[in-house]
Each structure stands twice: as C-alpha cells, then as structure tokens.
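Reading through the structure tokens given below for one structure.
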Amino acid sequence: MTEESGVPISADDVPDEIIRSIHIEADAPTVWDIISEPGWFINDGTYTKHEITTENGVSHVVDPTHGEFTIGTEELDPPYRAVFRWLGGVAGSLDDFPSNTIEFTIEPEGEGVLLTVREKGFAGISDDAAERRQRFEDNTQGWTEELDIARKLAETV
C-alpha cells in the first residue's frame with residue numbers, strides 16, 4: 074500500500090520511508106563533498122558548520138542550535154552513495170533506541186546530478202504512532218529544505 078506521494082506505508086498507516094530528490098547543477102564529486110559529511114543535514118534553514126568527532130565509524134555532531142547527535146556511518150561509496158544511521162532527528166546514543174537509515178545517492182542527470190535521499194525506519198522508531206507520524210512529517214519537510222541547502226552549496230562552489 075502507498076500514499077498518494079508513492080511513499081510506502083506500514084500496516085498501521087504510519088509511513089516507514091521518506092524519498093526525496095533534487096536536481097543539482099554540479100558534478101558528483103562536488104555534491105559528494107557535501108553529503109558525505111555526517112550530519113551535514115542538521116541545519117536551521119541555512120547550512121551550519123558543526124563540531125564533529127568520529128571514532129570507530131560513529132560521529133558525534135554538535136549543532137549550535139539543535140544540540141548533539143550521534144550518527145553512524147554505515148557505507149561510503151564515493152562519489153555516488155553514502156549511508157548513515159541516526160535517531161531520526163532525536164539526540165541520543167544509537168545503542169539506546171531504534172534508529173533510522175539515511176541513504177544518499179548521486180546519479181548523473183543532464184548537466185548535473187540527481188541527489189536522492191531515502192530515510193527508512195519510521196514504523197519502528199517508537200511505540201507511539203503519533204510520535205512516529207510527527208517524526209515522519211517533520212523529516213519530510215526537513216528533507217525538502219536540506220536538499221535545497223545541498224543544491225545551493227554545490228551550485229555556488
């Protein structure tokens with residue numbers, strides 16, 4: 074079953090996955106330099122530089138507005154694919170809670186690239202259906218904004 078947007082939903086009608094794409098007039102290595110940084114997508118409307126420390130594939134990202142996030146790097150395949158794990162927008166340790174997987178892919182498209190994000194795991198991120206729904210809705214809006222930030226960064230390099 075899918076919603077009108079084509080997003081798969083689970084049996085209890087809580088979406089499990091967000092898929093968003095944006096065309097960027099830049100080459101794959103330029104976009105890769107942006108999306109391969111753990112937590113690049115934690116912003117407040119514009120790109121924010123973060124304090125990032127990484128040990129054993131786990132990064133602690135400190136955002137001056139939103140606080141500290143733990144992000145696991147699952148796979149890096151430069152310059153076309155990066156996969157991270159996080160708590161779907163909540164601070165905490167990846168070991169403490171169910172986590173979401175975020176996959177970024179970069180594909181050639183015309184004079185630039187198509188950047189796609191897939192965030193999966195909303196159906197299992199909380200026992201509370203209202204909380205799952207809210208996190209899904211917040212991140213759906215967030216990915217639209219974050220992909221636009223990536224586009225602006227890449228196209229001004």
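Mapped onto our numbering, the consecutive letters of the sequence shown carry residue numbers 74 to 230.
Backbone N, C-alpha and C define an ideal beta-carbon position, used for all residues, glycine too.
Exposed unless 16 or more other CB atoms sit within 10 angstroms - verdict on residue i
i      : result
MET74  : Low confidence applies to MET74: its pLDDT is 36, below 50, so where it sits in the model is not reliable, and the reading given next is rough at best. By the neighbour-count rule (16 or more Cβ atoms within 10 Å), MET74 is not buried but exposed.
SER166 : exposed
VAL230 : exposed
ASN129 : exposed
Residue i and residue j closer than 8 angstroms at C-beta
i      : j      : result
SER109 : LEU188 : no
ALA227 : ILE91  : no
PHE195 : PHE177 : no
ASP100 : VAL186 : yes
PRO171 : GLY197 : yes
ARG191 : ILE97  : no
Other residues of its chain near residue i: CB distance less than 8 angstroms, five sequence neighbours each side excluded
i      : result
THR119 : ILE222
Close-in-space but distant-in-sequence residues of the same chain around residue i (CB under 7 angstroms, 5 per side omitted)
i      : result
GLY112 : HIS123, ILE125, SER132, VAL134, PHE142, ILE144
ASP219 : Correcting the residue type first, residue 219 is Glu in the shown sequence and not Asp. The residues are PHE114, ASN116.
LYS193 : ASP89, GLU90, ASN173, THR174
Start and end residues, alpha helix (DSSP H) containing residue i
i      : result
GLU228 : 202-228
Near the ligand COA: residue i beta-carbon under 7 angstroms from a heavy atom
i     : result
ARG93 : No copy of the ligand COA occurs in the structure displayed, which carries no ligand at all.
For this session: Enumerate, from N- to C-terminal direction, the unbroken alpha helix (DSSP H) stretches of 4 or more residues contained entirely within the region 94-121.
Result: 101-108
Problem set entry | Length-filtered (3 minimum) beta strand (DSSP E) runs lying within the region 119-205 | Runs of the beta strand (DSSP E) inside the region 119-205: 124-128, 131-136, 140-150, 154-159, 173-182, 185-193.
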